[in-house]
């Protein structure tokens, strides 16, 4: 449980590293679009009222990290996405890009993206998935993990949770 093992109040962040996979029939631009790759990620949780400031902080902090690492500033750029490039859930996105020597002059490849995702991810996980049935209890519900038989396994009592499977349309 993340909240039991770290800070209990926001702002806080979670970092992880691991293998990721893409399901691409014909991968193009192999250097940047391989089917299997190692991915590092930080999810940072903050109050909505301070989210813009935190986005700016992480955007600038990550750019400075590459400079301190020793990358030449003339080969590095921090590029904010234009409004028409933003994902539907994004409040702002910036890419840290590098002029790799194998790219044509003037072209950059993405090293890292920093995105202000708003509450899209958390809302997506909540909507239709877990229903907290006790409105008097303001605590978040316990974690539900599908087991090997596809049925949910509850951590904690589970008495206040329902699980909704969107594929089979079943409630447990």
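In our numbering, the protein residues as written are 94 to 265.
Glycine is no exception: its CB is placed at the ideal position from the N, C-alpha and C atoms.
Keep in mind the model is a prediction, meaning the values are calculated, not measured.
**Prompt:** Touch check for the segment 177-197 and the segment 145-164: three-plus C-beta pairs under 8 Å?
**Reply:** yes
**For residue 216, the three-state DSSP class (helix, strand or coil)** = Start at 1 with the first residue of the chain shown, and residue 216 comes out as number 123. In this structure, residue 216 counts as helix in the three-state DSSP scheme.
**Simplified DSSP assignment, three categories, for residue 162** = In the chain shown, the residue the question calls residue 162 occupies position 69. In the structure shown, residue 162 sits in a helix (DSSP, three-state: H, G or I).
**Asked** Between residue 138 and residue 103, which are expected to be in contact by the criterion C-beta below 8 Å, what is the C-beta distance as a whole number of angstroms?
**Response** For this step, residue 138 is matched to residue 45 along the chain shown. For this step, residue 103 is matched to residue 10 along the chain shown. Yes, residue 138 and residue 103 are in contact; Cβ-Cβ is about 5 Å, under 8 Å.
**Message:** If I follow the unbroken beta strand (DSSP E) through residue 143, where does it start and stop?
**Reply:** For this step, residue 143 is matched to residue 50 along the chain shown. Residue 143 -> no beta strand (DSSP E), and no H or E assigned at all.
**Prompt:** If you compare alpha carbons, which of 164, 179, 108, 199 is closest to residue 209?
**Reply:** For the purposes of this step, residue 209 is taken as the residue at position 116 of the chain shown. That would be 179, whose Cα lies nearest to the Cα of residue 209.
**Item:** Limits of the beta strand (DSSP E) - the one that residue 205 falls within
**Value:** What you label residue 205 is simply residue 112 of the chain shown in a count that begins at 1. Residues 202-209.
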